[in-house]
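A.B. asks:
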DNA sequence: GGCATGATTTTTTTATATAAAAAACAGTTT
DNA sequence: AAACTGTTTTTTATATAAAAAAATCATGCC
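Protein chains in written order, with this note's numbering: chain A, 1 to 299; chain B, 1 to 299.
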């Protein structure tokens, strides 16, 4: 049976929307609201039905009126607000870097299904996805073997990343000065400076900025295989740094400075300089990740 | 219900094995036979049971005797000798390059399941796999969109390939002269010459040789992400050239010559020369694939 | 004791069933 | 006519069930 996490999240989002409206005012039409919330009209209608049952809105034909502002208690909560696939993915990553999993080990899908409280098909999907990430391998007998978030993995991932970033860097610098990417780059530079000025409070926003800078540079010569590898990196970073909050502020501070040097290198027009700054930044990122893996798995 | 394609293929393989034995001679033990055939003892025992029922072998405790040589009629045949996943994959690729699929189109999984005569889960697995190949994309609403075997796809794939092959080439040439890879390379050179001498009859064996040469060069600095992309390339070549037999002989003849130039470049120790030969070969491969796509989809 | 067979248990693969969600269809209202 | 709502159909996500295949256990033979 499919979960209705989407319905629940949409319901909550809809409450957020209503909280900004004034009671007594009519609401937008169904297609409009559905578009705003990014779901199908079917889902929106289920939400509206519930809102009507709770006497938050009154529905009469196409006249929809907000009866009262939503309250704290109106919101749905619970663990099932998260899509199933994401939940499984999260638990799996936690399992993979935890003590129960060692590199080279056979993965027992049935057992994971029991542990995570989901069906085997959900596990299958998850394993299939992570095998493309290179964290797992399929054996000839159909079983899955864990490869793990090892030093090898990080090395191979960063080798690839470095190589690709240099390639993108070369192409980026070959862009004519009037190309919009240069404007976007100075926009990002400004944002970096703004963050740096208030780094103590804003250091958590770095990961978004990081993402955008690398996407800008690599977006010049789009390549789906590269984007795929970037996606792998995102996921690894996302999970890994979620558990490794240690030194986060210091780490991000350093990274912002490195980004600024990288941007300066690009803007200088001097390829050697840009490459050096880029290489330096990637090297730091690599050793930071490696160090935090070694902490997690023991020396 | 799971298919028993493995059992059937193992049964046929076992007949092949028995065909090389002499009637009256005892057979190897179950674990030994299972290992030879690369399956579990459970599957082997099912095969032995059938062989016994057909009076091909007599089983009495641990004494197994071949009663008669297997005949043509003993072999199992039919479409279900192919593993389900492979069958779906094959049909899907044919569908994708056929007239029913145009780039950008939404893929209807239910419909494909009906067309191919399989369940939706089999289709789902297949779509999930090909999405990692960059031939499909998943939309936010959960649907799959075909991207197709387009010029863009080939361009991006070959950009990646070129870029990775050059990287591997550099590392390969940095190997010390006593490294076993050099011996392996001259072995491959010999094989290329042997094939060239008899190209009219042996041109079909080229794809194996191609695979081995590129694997040797790229195997020096193994990287799972690279291997993944190589896998994509293999699959594309496999399917595409299966349908495009036109000029196969001429094409392979040219490629063998280019390989020899590439090998000579590597052995010369001159990086520029090796890179040039490599670049030339990859360029030919790229335009050959592009040309054959344009033939397939119209000018 | 080491390896073989026979029987049992576990795990994986695949089809099917059902709820959720999307899309399509058909009237209605403005 | 354009856009809306109510209804129906189609498609997707997920759990479940059952066969195939692998692994494990128990026992016996040399």
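Glycine residues also receive a C-beta, built at the ideal position from the N, C-alpha and C atoms.
As the structure is a computational prediction, the values presented were derived from the model and not from experiment.
1. What's the C-alpha gap between residue 77/A and residue 234/A?
2. Give a yes or no on whether the C-beta atoms belonging to residue 15/B and residue 83/B are separated by under 8 Å.
3. For residue 51/B, tell me which candidate among 229/B, 17/B, 174/B and 202/B has the shortest Cα-Cα distance.
4. Could you check whether residue 172/B and residue 266/B sit closer than 8 Å to each other, using their CB atoms as the reference points?
5. Check the C-beta distance from residue 96/B over to residue 135/B and give it rounded, since I have them as a contact under 8 Å.
6. Can you list the residues of chain B that residue 159/A reaches, using a CB-CB cut of under 7 Å?
7. Indicate the three-state DSSP secondary structure (helix, strand or coil) for residue 208/B in the structure shown.
8. Residue 261/A and residue 285/A look like a contact to me (Cβ under 8 Å); what is the Cβ gap, rounded to whole Å?
9. List, in order along the chain, the chain A residues whose C-beta lies closer than 9 Å to that of residue 234/B?
10. With 7 Å as the limit, tell me which residues of the stretch 163-188 of chain B have their beta carbon closer than that to any beta carbon of chain A; keep them in chain order.
11. Tell me, which residues are paired with residue 59/A by DSSP?
12. Closer than 7 Å by beta-carbon distance: list the chain A residues that pair up with residue 156/B, in chain order.
13. Do the stretch 243-262 of chain A and the stretch 198-216 of chain A meet, that is, are 3 or more Cβ pairs less than 8 Å apart?
14. In chain A, what lies closer than 8 Å to residue 134/B by C-beta?
15. How would you label residue 1/B, buried or exposed, when you count the other beta carbons within 10 angstroms and need 16 or more for buried?
16. Can you have a look at residue 100/A and say buried or exposed, based on whether 16 or more other CB atoms are within 10 angstroms of its CB?
17. Does any C-beta atom of chain B lie closer than 8 Å to the C-beta of residue 128/A?
18. Going by Cα to Cα distance, which pick from 117/B, 11/B, 148/B and 133/B is closest to residue 229/B?
19. Whole angstroms is fine: what's the gap from residue 187/B's alpha carbon to residue 180/B's?
20. Runs of 4 residues minimum, wholly inside the stretch 174-209 of chain B: which ones carry the alpha helix (DSSP H) assignment?
21. Could you tell me the distance, in whole angstroms, from the CA atom of residue 8/A to the CA atom of residue 244/A?
22. Over what stretch of residues does the beta strand (DSSP E) that includes residue 137/A continue unbroken?
23. Pull up the CB-CB distance for residue 27/A and residue 64/A, whole angstroms please, since I reckon it's below 8 Å.
24. Quick one: Cα of residue 178/A to Cα of residue 162/A, how far?
25. Taking the CB atoms as reference points, tell me whether residue 68/B and residue 106/B lie closer together than 8 Å.
26. Taking the alpha-carbon positions, what's the residue 42/A to residue 48/A distance?
27. Does DSSP put residue 103/B in a helix, in a strand, or in coil?
28. Any idea which residues DSSP pairs residue 144/A with across the strands?
29. Mind checking which residues open and close the alpha helix (DSSP H) that includes residue 125/A?
30. Based on DSSP bridge pairs, tell me the residues matched to residue 26/B.
31. From 153/B, 257/B and 185/B, pick the residue whose C-alpha is nearest to that of residue 195/B; which is it?
32. When burial is assigned at 16 or more other CB atoms within 10 Å of the CB, is residue 61/B buried or exposed?
33. Under three-state DSSP, which class holds residue 299/A?
34. For residue 299/B, does the count of other Cβ atoms within 10 angstroms reach 16, so buried, or fall short, so exposed?
C.D. replies: Walking through what the data contain:
1. C-alpha of residue 77/A to C-alpha of residue 234/A: approximately 28 Å in a straight line.
2. No.
3. The shortest Cα separation from residue 51/B among 229/B, 17/B, 174/B and 202/B belongs to 17/B.
4. In this structure, residue 266/B lies near residue 172/B, with their beta-carbon atoms less than 8 Å apart.
5. Right, their Cβ atoms sit about 7 Å apart.
6. Annotation: Cβ neighbours of residue 159/A in chain B (cutoff 7 Å, chain order): 223.
7. Secondary structure at residue 208/B: helix, using DSSP grouped into helix, strand and coil.
8. In fact, because the Cβ distance is near 13 Å, the residues do not count as touching under 8 Å.
9. Within chain A, no C-beta atom comes nearer than 9 Å to that of residue 234/B; the closest sits roughly 14 Å away.
10. The residues in question are 163 and 167.
11. According to DSSP, residue 59/A bridges with 64/A.
12. Correct list: 223, 224 and 225.
13. Output reads yes: the stretch 198-216 of chain A touches the stretch 243-262 of chain A.
14. Those within 8 Å of residue 134/B in chain A are 224, 225 and 228.
15. Exposed: under 16 other Cβ atoms inside 10 Å.
16. That one is exposed.
17. Yes - at least one Cβ of chain B is within 8 Å of the one on residue 128/A.
18. Comparing C-alpha distances from residue 229/B to each of 117/B, 11/B, 148/B and 133/B shows the shortest one belongs to 133/B.
19. The alpha-carbon atoms of residue 187/B and residue 180/B are separated by roughly 11 Å.
20. Taking only runs of at least 4 residues, the alpha helix (DSSP H) segments lying wholly in the stretch 174-209 of chain B are 180-197 and 199-202.
21. Taking C-alpha positions only, residue 8/A is separated from residue 244/A by approximately 30 Å.
22. Residues 136-138.
23. Rounded, the Cβ-Cβ distance is 4 Å, consistent with contact.
24. Between the alpha carbons of residue 178/A and residue 162/A lies a distance of about 27 Å.
25. Cβ distance not < 8 Å, so residue 68/B and residue 106/B don't count as in contact.
26. Going from the Cα of residue 42/A to the Cα of residue 48/A covers about 10 Å.
27. The answer is coil: DSSP assigns residue 103/B none of H, G, I, E or B.
28. For residue 144/A, which the question treats as bridged, DSSP gives the partners 107/A and 138/A.
29. That run of the alpha helix (DSSP H) goes 120-132.
30. Beta-bridge pairing links residue 26/B to 65/B.
31. Ranking 153/B, 257/B and 185/B by Cα distance to residue 195/B puts 257/B first.
32. Around the C-beta of residue 61/B, fewer than 16 other C-beta atoms lie within 10 Å, and the residue is accordingly described as exposed.
33. In this prediction, residue 299/A scores a pLDDT of 46, lower than 50, which makes its location untrustworthy; no coordinate-derived value is stated.
34. In this prediction, residue 299/B has a pLDDT of 45, which is less than 50 and means its spatial position is unreliable; what the coordinates show is noted afterwards. It counts as exposed.
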